[in-house]
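This report concerns only the one structure given below.
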């Protein structure tokens, strides 16, 4: 038995909300800049993903954007944000001041 896709959740929007979420970008990048070891990049990516999902939940709760179906796909948004957050945290780690 394969996974059941929900037809009312657009996967492209899930991908875009995960990658271009401003909270994910800001938190992961800034925490990546503060990291003093490469192993802390994953922690920064996780924190960025958690912040991105929290902002998405808040926006959905307050009905600010047209995101009611994306709240149902929060797992996909989190995983996408985690992967993107790893890239943002890595960029922050590489651009930190020595």
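Residue numbers (the numbering used here): 59 to 156. Note that beta-carbon positions come from the ideal geometry of N, C-alpha and C, so glycine has one too.
Consult DSSP for residue 122 and reduce its assignment to one of helix, strand or coil.
Coil at residue 122, not helix or strand.
Give the secondary structure of residue 102 by DSSP, where H, G and I count as helix, E and B as strand, and everything else as coil.
If DSSP states are grouped into helix, strand and coil, residue 102 belongs with the helices.
Backbone CA spacing between residue 130 and residue 82 [nearest angstrom]:
Between the C-alpha atoms of residue 130 and residue 82 there is a straight-line separation of about 19 Å.
Step through the CB atoms of chain C and report whether any lies within less than 7 Å of the CB of residue 101.
Given the protein chain composition of this structure (a single chain), no chain C is represented.
Residue closest to residue 85, alpha-carbon to alpha-carbon, out of 109, 151, 69, 68
For the residues 109, 151, 69, 68, the minimum Cα distance to residue 85 belongs to 109.
Given residue 80 as reference, the closest of 113, 68, 71 once Cα atoms are compared:
Checking every option, the nearest Cα to that of residue 80 belongs to 113.
Where residue 97 falls: helix, strand or coil (DSSP)
For residue 97, the three-state secondary structure derived from DSSP is coil.
Would residue 93 and residue 146 qualify as a contact pair, given that the criterion is a beta-carbon distance under 7 Å?
The beta carbons of residue 93 and residue 146 sit no closer together than 7 Å.
Can you tell me the Cα-Cα spacing of residue 78 and residue 96, whole angstroms?
For residue 78 and residue 96, the distance between alpha carbons rounds to 23 Å.
Can you have a look at residue 140 and say buried or exposed, based on whether 16 or more other CB atoms are within 10 angstroms of its CB?
Buried.
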